[in-house]
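Inspection log for the structure reproduced underneath, given as structure tokens.
Residue numbers (this note's numbering): 92 to 192.
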């Protein structure tokens with residue numbers, strides 16, 4: 092396969108990756124330094140710097156939700172791991188007959 096064909100095939104994937112993941116991430120990071128309220132479509136958003144981050148990290152609700160999220164994550168991952176391991180051990184045994192021919 093020629094180098095030109097490889098480039099021709101990879102460019103659409105890179106463009107799609109940029110449009111779907113990279114551009115929205117950069118836009119959200121830049122927008123987090125401005126005061127944007129609801130569906131405010133005007134482009135004169137006031138710059139507020141780290142004020143959004145300060146209000147986020149000083150809000151008790153954020154820490155409560157973060158703790159619940161971590162708790163849910165630990166429980167869900169542990170249960171999925173244990174159930175998957177048990178199923179894998181059950182399916183690992185040699186079966187004869189109609190169960191798994």
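All residues carry an ideal CB built from backbone N, CA and C; glycine is no exception.
Given 8 Å, three or more beta-carbon pairs between the region 121-128 and the region 139-151
Under the three-pair Cβ rule at 8 Å, the region 121-128 counts as touching the region 139-151.
In the structure shown, what three-state DSSP assignment does residue 114 receive?
Of the three classes helix, strand and coil, the one that applies to residue 114 here is helix, per DSSP.
Please state the DSSP three-state secondary structure of residue 138.
Reduced to three states, the DSSP call for residue 138 is strand.
Using a threshold of 8 Å, state whether the C-beta atoms of residue 147 and residue 138 are closer than that.
No, the Cβ-Cβ distance between residue 147 and residue 138 is not below 8 Å.
Residue 166: first and last residue of the uninterrupted alpha helix (DSSP H) it sits in
Element bounds for residue 166: 151-183.
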